[in-house]
Every structure is written in structure tokens, then in C-alpha cells.
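K.L.:
There are 2 protein chains.
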Amino acid sequence: MTDSAATPGKAERTRAHIFRVALELFEHHGYEEVTVARIAEAAGVSEMTVYRHYPSKDALLLDDPFDPLIVAAIAARPRQDPPLRRAIDGVRAAWRELPLEHAEEVRRRLRLAVAPSLRAAIDRNTAATEAAVAARLEADGADPAAARVAAAATLAALMAGLLHWAEGDDGALGEAVLAALDVLEGAA
Amino acid sequence: MTDSAATPGKAERTRAHIFRVALELFEHHGYEEVTVARIAEAAGVSEMTVYRHYPSKDALLLDDPFDPLIVAAIAARPRQDPPLRRAIDGVRAAWRELPLEHAEEVRRRLRLAVAPSLRAAIDRNTAATEAAVAARLEADGADPAAARVAAAATLAALMAGLLHWAEGDDGALGEAVLAALDVLEGAA
DNA sequence: GCCCAAAACGTTAGTCACTAACATTCTGGC
DNA sequence: GCCAGAATGTTAGTGACTAACGTTTTGGGC
């Protein structure tokens, strides 16, 4: 073998390469203008191969590794707290622990994601996290309906905060997220 | 003229006809299995005409006439209330005034809409309402970021309540919605 | 009833995301 | 160098959606 045990392997390398090429094309020409065929060509790969690594064009932009962190942070909150409280506090905690270099990648993607045509894709992506959060809350004894509502409302607030930040031109990303969660808490 | 002033006119009749035909096909065969070409054929109309009346296949299921009601109800809430409070109370008021025959149509559509493949379409549809609600709140003096978060969280809670109800098999739809809003209020 | 502009509709030809089936090349351990 | 299996390519297709342009239909004025 030419690689150590930690070496990515060809598939993983191809996947990462396609991702980098796609993100760059998106940033230069806009998401809509870049066809999958063009991504494939720029990556020196067939269109089919793109689809083998990413289930859809959206996934190239929204392949989000941070969702598990959120679920874990929520799970770490006191079980006796009501579901919405756990969700809010959990997201807050997860955000505080986000490494700065990851924040920069969030920034790049969000700038692209504000395109209205991507809104649905973002939400579909969020739906998976939402289901995971709701399942966690429910497993800890929360009422199923309340768990789903709490998960949906909290993640919606988070996304709204992120997107609003991305549409503006300045301000700290972290503060935007925390402010969004504060709004949610003002509901009583 | 052959119609009185209140008569729909041809375009409106065609639009309504396509809608009824489509909904019936969806209920019989499932959303995925029904192509737009098939809808057009069953409605005795060209595929192009379907697209002239509905911007997308999704819209045939999610063309929601209730969104303006929600916006209006929120606008009617006291302006001095914080945005999230206005949004919650507005949705609650709008729901209480929903005529029962409309509730039945909501029921039919939601049964279809629980299909995972439609989740993205639902969210895209919600996004339009969300923007309208946020614009309204902002126009009445709310902080832009807070307005967006309040709109997003409230509508997400509403949709979560509706979907959770639709996945179950019984229970009053109205109560499910009101319960969802109650969860949101428990955040303080 | 007739006329006519505008609205509504149809036809055609295309783009693009995405999928299935099958052939081909390449990788990595022996 | 060999070879099984992974990775990739090719081809051919489906279906949502759009643009351009021609045809029919509608409905108000005469």
C-alpha cells in the first residue's frame, strides 16, 4: 500500500475534490448558473461520478457536518427542563464551542445560501437535524408534539438569524445567533 | 357579457379545474407517481397551461390561500407588543377564525404533504409567508433581525404542529395548532 | 349578430437535474 | 504481475420546467 492507515483513499479524495471545485464555481458564477455537467468537467470527472458522491446538487452546498454537534449539545442539557428551553440552551452552547476556522466556512456557505432558490434546500437540510433533535427530546420524556415544535422553532430561529446575518454586510456572526435565540426567549 | 360581475371568468375556472383534478390524482396515486403531463391530460388541457396557472408542481398542493389571513391577523395585534408575541397571538387568532369547511381541505392536503419528498416544498411555501410576516412586523417598528426570527419560529411551530397532527390518526386539528403555540410561549 | 383587441391556450423545441443498466478502468493487497 | 472489487465512465432515458411563437377563445362595444 502507498498510504498509511489514515490516508483518505481514492473515493474520499475524489469527493473532497469535487466539493472544492463546486464551491469555487458557485462563488464565482452563482449557484444557478453552474450546472452539474460543468462541475463535473471542471473537476475532470464524469457527471455520473458527481452524483455518486453527492445525492443532489444541493448537497454540494449543504453537506453540513455541524448538525450532530447541535444534537449532542441539546442532549447534554438538564432533562427536567422543558423541551424548548433545552433546545435553546443547547444551540447556544453548541454555537459557543464552534471553532473559529469552521465559522469561516459557515460564512462562505451562507453567503451563497441566501439565494432564494436555495431556501427550500436549506430547509430540507434542516429537517433532518430537526428530526434528530425532536427524537432526542422525546426520548428524554418530552411530549412528542412539544418536542417537534420546540425543535422546529429553535432551528428556524437559528436559521433566520444566520440568514439575516448573511444578507447584511457586517456584524459578528456569533452575536447574530445569540440574539436570535434571545428573541425566542421573549415569548412568555 | 354572459356573466355577472362576480362570475369567475375563464382563467379562474381553468385554474380551479386543474387544481381539483390534480388533488384527486395525488390522493389516488400519490404525489410522486403523478406527472404534470398526466394532470394536464386528465384536465383536458396542455401541459403548458398547467404551468401558466401554477408556477410548479408543488404549487398545486401548496397553493395556500390562508397565508394572507395570517399576515392580516398578525397586523391586527397591538403594535407595542414584541414581535414574537404579535406573531404567536396573530396565528392563534387566524386559526380560530378559520371556517370549518376550510379546515377539512387543510386536512386533505396535509395528509398528502407528510410525504418526505414534499417537505422541502412545504418549507419553500412557508418561506413566502415568513417573509410577508417579517416585513409586516418590521414595518411596524420591530428590529429587522427580531422580526425575521419571530416569523420563522412561529411559522415553524405552526407547521410542526400541523405535520405532527397529520402523521397521527386522530385528535382535533385546532387543538394541535393551539398546543404548538403554547409550547412556544413556554420559552421564557 | 358582428368585430376586434386582449386574454387564454396550444405546439414545439429545448435545458437541466437526476436515474438505471451496463461496460470499463483503476486500486491495492497478495 | 495478478486479480477481485471498488471506482468511474457511457449511454439512454424520465420528468420538471422555460422560451418563442402561432392559434383559439373570450367578452365588451357597435
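The listed protein sequences correspond, in order, to chains D and E.
Under the working numbering, the first sequence has 143 at position 143, and the numbering climbs by one with no breaks.
Under the working numbering, the second sequence has 31 at position 31, and the numbering climbs by one with no breaks.
A virtual CB, placed ideally from N, CA and C, is assigned to each residue, including glycine.
What residues in its chain sit with their C-beta under 8 angstroms from that of residue 85/E, if we drop five residues either side in the sequence?
P.N.:
Apart from sequence neighbours up to five positions away, the residues of its chain that approach residue 85/E with a beta-carbon distance below 8 angstroms are 77, ordered along the chain.
K.L.:
Along chain D, in chain order, which residues have C-beta atoms closer than 7 angstroms to that of residue 161/E?
P.N.:
145 and 149
K.L.:
If you draw a straight line from the C-alpha of residue 122/E to the C-alpha of residue 109/E, how long is it?
P.N.:
11 angstroms
K.L.:
Are residue 172/E and residue 149/D close, meaning C-beta to C-beta below 8 angstroms?
P.N.:
no
K.L.:
Rounded to the nearest angstrom, how far is the Cβ of residue 115/E from that of residue 31/E, given a contact under 8 angstroms?
P.N.:
6 angstroms
K.L.:
Measuring straight from C-alpha to C-alpha, what distance separates residue 1/D and residue 41/D?
P.N.:
Legend: pLDDT at residue 1/D = 41, less than 50; position of this residue unreliable, no value from coordinates given.
K.L.:
Using a 10 Å radius around the Cβ and a threshold of 16 neighbouring Cβ atoms, would you call residue 26/E buried or exposed?
P.N.:
buried
K.L.:
What does a CB cutoff of less than 7 angstroms around residue 94/E pick up in its chain, not counting 5 residues either side in sequence?
P.N.:
69, 70 and 73
K.L.:
Got a sec, what are the start and stop residues for the alpha helix (DSSP H) residue 68/D sits in?
P.N.:
67 to 75
K.L.:
Using a threshold of 8 angstroms, state whether the C-beta atoms of residue 17/E and residue 145/D are closer than that.
P.N.:
In this structure, residue 145/D does not lie closer than 8 angstroms to residue 17/E by Cβ.
K.L.:
Buried or exposed for residue 60/E, please, with buried defined as at least 16 other CB atoms from any protein chain shown within 10 angstroms of its CB.
P.N.:
buried
K.L.:
Give a yes or no on whether 8 angstroms exceeds the smallest Cβ distance from residue 82/E to chain D.
P.N.:
At least one chain D Cβ lies under 8 angstroms of residue 82/E.
K.L.:
Nearest-angstrom Cα distance between residue 153/E and residue 10/D?
P.N.:
Put simply, the backbone Cα of residue 153/E is about 43 angstroms away from that of residue 10/D.
K.L.:
Would you kindly work out how many angstroms separate the C-alpha atoms of residue 107/E and residue 53/E, rounded to a whole number?
P.N.:
23 angstroms
K.L.:
At which residue ranges does the stretch 27 to 97 of chain D contain complete beta strand (DSSP E) runs of 3 or more residues, listed in the order of the chain?
P.N.:
none
K.L.:
When you measure from the CB of residue 174/D to every non-hydrogen atom of the ligand ATP, does any distance come out below 7 angstroms?
P.N.:
The model on display carries no ligand, and the ligand ATP is accordingly not part of it.
K.L.:
Note down, in chain order, each residue of its chain lying with its Cβ closer than 8 angstroms to the Cβ of residue 188/D, except the 5 sequence neighbours on either side.
P.N.:
With a pLDDT of 47 at residue 188/D, under the threshold of 50, the predicted position of this residue should be treated as unreliable, though the coordinate-derived value follows. None.
K.L.:
If you measure beta-carbon to beta-carbon, which residues of the stretch 47 to 72 of chain D are closer than 7 angstroms to chain E?
P.N.:
none
K.L.:
From the DSSP output, in three-state form, read off residue 142/E for me.
P.N.:
When secondary structure is reduced to three states using DSSP, residue 142/E falls in the coil class, being assigned neither helix nor strand.
K.L.:
Could you give the C-beta distance for residue 132/D and residue 64/D, rounded to a whole number, given that I count them as a contact under 8 angstroms?
P.N.:
Residue 132/D to residue 64/D, Cβ: 12 angstroms. No contact.
K.L.:
Output the distance between the C-alpha atoms of residue 4/E and residue 44/E, rounded to the nearest integer angstrom.
P.N.:
Because the pLDDT at residue 4/E is just 40, under 50, the model does not fix this residue reliably, and the point stays unresolved.
K.L.:
Straight-line CA distance for residue 22/E to residue 12/D?
P.N.:
43 angstroms
K.L.:
Is there a Cβ from chain D that is less than 8 angstroms from the Cβ of residue 127/E?
P.N.:
yes
K.L.:
Is the CB of residue 186/E under 8 angstroms away from at least one CB in chain D?
P.N.:
Yes, contact with chain D.
K.L.:
Helix or strand or just coil, what does DSSP make of residue 14/E?
P.N.:
For residue 14/E, the secondary structure class from DSSP, reduced to helix, strand or coil, is helix.
K.L.:
On the DSSP letters alone, give me the boundaries of the alpha helix (DSSP H) that residue 103/D sits inside.
P.N.:
Start and end: 100 to 113.
K.L.:
Report the CB separation of residue 92/D from residue 178/D in whole angstroms; it is logged as a contact under 8 angstroms.
P.N.:
7 angstroms
K.L.:
Between residue 169/D and residue 90/D, what straight-line distance do the alpha-carbon atoms span, to the nearest angstrom?
P.N.:
27 angstroms
K.L.:
Taking the C-alpha atoms as reference points, what is the distance between residue 96/E and residue 174/E?
P.N.:
CA-CA distance, residue 96/E to residue 174/E, rounds to 8 angstroms.
K.L.:
With a Cβ-Cβ cutoff of 8 angstroms, do residue 166/D and residue 151/D count as a contact?
P.N.:
No, Cβ-Cβ distance for residue 166/D and residue 151/D is not below 8 angstroms.
K.L.:
Comparing the C-beta of residue 20/D with each C-beta of chain E, is any distance below 8 angstroms?
P.N.:
no
K.L.:
Does residue 103/E pass the burial test, meaning 16 or more other C-beta atoms within 10 Å, or should it be called exposed?
P.N.:
exposed
K.L.:
Taking residue 119/E as the query, report the chain D residues whose CB atoms sit under 7 angstroms from its CB, ordered along the chain.
P.N.:
124 and 127
K.L.:
What residue range does the alpha helix (DSSP H) around residue 184/E cover?
P.N.:
173 to 185
K.L.:
In whole angstroms, what separates the C-alpha of residue 19/E from that of residue 160/E?
P.N.:
25 angstroms
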